[in-house]
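**Q** There's a structure below that I have some questions on.
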Amino acid sequence: MYIKDNISENRYGRTEMMEILKKAVERGTDAAKSDLKFGTSTEYVPSDTTSSVENVNKLTTVQKFYDGQSIFITGGTGFMGKLLIEKLLRGCPGINCVYVLIRKKKEKNVLQRKEELIDDTLFSVLRKEQPEVQRRIVAIEGDCSLPNLGISIADRATLIGEVSIVFHAAATVRFDEKIKLAGAINVRSLKEMIHLSLKMSKLKSFVYVSTAYANCPHKTIEEKFYDPPMDADKFIDLLDSIDEKLLDDITPQLLGEWPNTYVYTKSIAENIVKKHAGLMPIGIFRPAIVIPTHREPICGWIDNMHGLVGVTAGGAMGLIRTNYCDKSINVSVVPGDLTTNALIVSAWDIANNRKYF
Numbered sequence: 001m002y003i004k005d006n007i008s009e010n011r012y013g014r015t016e017m018m019e020i021l022k023k024a025v026e027r028g029t030d031a032a033k034s035d036l037k038f039g040t041s042t043e044y045v046p047s048d049t050t051s052s053v054e055n056v057n058k059l060t061t062v063q064k065f066y067d068g069q070s071i072f073i074t075g076g077t078g079f080m081g082k083l084l085i086e087k088l089l090r091g092c093p094g095i096n097c098v099y100v101l102i103r104k105k106k107e108k109n110v111l112q113r114k115e116e117l118i119d120d121t122l123f124s125v126l127r128k129e130q131p132e133v134q135r136r137i138v139a140i141e142g143d144c145s146l147p148n149l150g151i152s153i154a155d156r157a158t159l160i161g162e163v164s165i166v167f168h169a170a171a172t173v174r175f176d177e178k179i180k181l182a183g184a185i186n187v188r189s190l191k192e193m194i195h196l197s198l199k200m201s202k203l204k205s206f207v208y209v210s211t212a213y214a215n216c217p218h219k220t221i222e223e224k225f226y227d228p229p230m231d232a233d234k235f236i237d238l239l240d241s242i243d244e245k246l247l248d249d250i251t252p253q254l255l256g257e258w259p260n261t262y263v264y265t266k267s268i269a270e271n272i273v274k275k276h277a278g279l280m281p282i283g284i285f286r287p288a289i290v291i292p293t294h295r296e297p298i299c300g301w302i303d304n305m306h307g308l309v310g311v312t313a314g315g316a317m318g319l320i321r322t323n324y325c326d327k328s329i330n331v332s333v334v335p336g337d338l339t340t341n342a343l344i345v346s347a348w349d350i351a352n353n354r355k356y357f
């Protein structure tokens, strides 16, 4: 069992973090008209290790761990998921295949959404280094809000037979999400993903991406388990036995001291990981608030206007003149590329330094 908090509050000062946000906004002011891709043409120059895979003796410990492996990622079309896919394939070219769970959206099927993913500016460096990289990204049609993740029997068989490393990063991050949907995506999908992974004979590591704020009622967050607001199995039973309107009515009572359905359901989900800690190599990764990339593969890249980026962008463009806040509170933020690096290494650590709680 493994729990890793990813908080860079001590390493990066407030001034440097604001500078990263400022760079993202400066790039984004002109780029906002093109799907909010806040990237700059400044490309990250890869180190020697990213081009030395021809000789296995020159691979780093982490690259050796990923060499020849097949990986399954949920949440791959989101901000963190894109960064994870890109860095895995660029930093560990020996990876055999990356399966990405993708749901149909609006008028686009999963193959079209996969093409959009690869065509993103974020992948520009990777496309130059590995022109055939799209062949190693395989779309798996599914939906984390559906039973059995909406994955077909044939695709489940493929995943069970091929996958050795799992990153479960799918989540609804809306603070005001209805508790029935938040529970289905943030809690039930994790349980079903774990049950699927238990059938994988090659499984080496399972990483659940939580949040540093999952246990926010506690003043100090340590790398350990905390008691959830409700047992995960009882919570799932509650979702199944009560209609949505009644669930909405009792949501304030359910939340208690948790401020929103996002952190509430993420806390309950961690309880599922704890229950399976002795059955499989599994761990929790808790990132803080993730902001635009610091350096690689593109400085200041982000694909959304949520959170601090939206506030900073609004202020820079003169749309937001005032912001009500408590200046005595320190916010924990970390650049997207540093978060991704820690996430990738966490999978290695889960496999090689397994702990039991």
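Sequence positions in the sequence shown follow full-length UniProt numbering and run 1 to 357. All C-beta atoms in this analysis are idealised placements derived from N, C-alpha and C, irrespective of residue type, glycine included.
Please report how far the alpha carbon of I160 lies from the alpha carbon of S197, in whole angstroms.
**A** Within the sequence shown, residue 160 is the residue found at index 160, counting from 1. Within the sequence shown, residue 197 is the residue found at index 197, counting from 1. Distance between the alpha carbons of I160 and S197: 7 Å.
**Q** Do three or more CB pairs link the region 146-164 to the region 212-231 at distances below 8 Å?
**A** These segments do not touch.
**Q** When the distance is taken between beta carbons, is V263 closer than 8 Å to T211?
**A** Mapped onto the sequence shown, residue 211 falls at position 211. Mapped onto the sequence shown, residue 263 falls at position 263. Yes. Within cutoff.
**Q** Does the region 241-254 come close enough to the region 283-290 to have 3 or more Cβ pairs within less than 8 Å?
**A** In short, these stretches do not touch, since the Cβ pair count stays below three.
**Q** With a floor of 3 residues, list each beta strand (DSSP E) that falls wholly inside the region 80-140, ordered by position along the chain.
**A** Entirely contained in the region 80-140, the beta strand (DSSP E) runs reaching 3 residues are, in chain order, 97-102.
**Q** Among residues of its own chain, excluding the 5 on either side of I165, which ones have a beta-carbon nearer than 7 Å to its beta-carbon?
**A** Position 165 of the sequence shown, counted from the first residue, corresponds to residue 165. Answer for I165: Q69, I71, K204, S205, A347, listed in chain order.
**Q** Could you check the C-alpha separation between G75 and C325 for me, to the nearest Å?
**A** If you number the sequence shown from 1, residue 75 lands on position 75. If you number the sequence shown from 1, residue 325 lands on position 325. C-alpha separation (whole angstroms): 31 Å.
**Q** Please list the terminal residues of the continuous beta strand (DSSP E) segment that includes P287.
**A** Residue 287 sits at position 287 when you count from the first residue of the sequence shown. Residues 282-287.
**Q** Please report the straight-line C-alpha distance between Y99 and E107, rounded to a whole angstrom.
**A** Translated into the one-based positions of the sequence shown, residue 99 becomes position 99. Translated into the one-based positions of the sequence shown, residue 107 becomes position 107. When rounded, the distance between both Cα atoms is 22 Å.
**Q** Is it buried or exposed for P335, if we count other Cβ within 10 angstroms and need 16 for buried?
**A** For the purposes of this step, residue 335 is taken as the residue at position 335 of the sequence shown. P335 is buried by the Cβ-count criterion.
**Q** Ordered along the chain, which non-local residues of its own chain (more than five positions away) have a Cβ less than 7 Å from that of A214?
**A** Taking the first residue of the sequence shown as 1, we reach residue 214 at position 214. Cβ within range, chain order: V263, K266, S267, E270, R286.
**Q** Relative to the C-alpha of D236, which candidate in N330, A171, A184, K58 has its C-alpha closest?
**A** Numbered from its first residue, the sequence shown carries residue 236 at position 236. Asp is not the amino acid found at residue 236; the sequence shown has Ile there. Ranking N330, A171, A184, K58 by Cα distance to I236 puts A184 first.
**Q** Between which two residues does the beta strand (DSSP E) containing H168 stretch?
**A** Stepping through the sequence shown from its first residue, residue 168 is reached at position 168. Start and end: 165-168.
**Q** Could you check how far apart the C-beta atoms of K180 and L117 are, in whole angstroms? I think they sit under 8 Å.
**A** To locate residue 180, count along the sequence shown from 1; it is residue 180. To locate residue 117, count along the sequence shown from 1; it is residue 117. Actually they do not touch by this definition, with Cβ atoms about 28 Å apart.
**Q** Going by DSSP, name the residue or residues bridged to P335.
**A** As a working mapping, residue 335 is identified with position 335 in the sequence shown. According to DSSP, P335 bridges with I291.
**Q** I298 and L122 look like a contact to me (Cβ under 8 Å); what is the Cβ gap, rounded to whole Å?
**A** Translated into positions along the sequence shown, residue 298 becomes position 298. Translated into positions along the sequence shown, residue 122 becomes position 122. Confirmed, about 6 Å.
**Q** Within the same chain, show all residues whose beta-carbon is closer than 6 Å to that of E9, passing over the 5 residues directly before and after it, in chain order.
**A** Translated into positions along the sequence shown, residue 9 becomes position 9. Any answer about E9 is weak, because its pLDDT of 45 lies below 50 and its placement is not dependable; what the coordinates show is given next. S332.
**Q** Considering T74, what are the terminal residues of the beta strand (DSSP E) in which it resides?
**A** Here residue 74 is taken as the residue at index 74 of the sequence shown, counted from 1. From DSSP, the beta strand (DSSP E) with T74 extends over 70-74.
**Q** From the DSSP output, in three-state form, read off N186 for me.
**A** If you number the sequence shown from 1, residue 186 lands on position 186. Helix, per DSSP.
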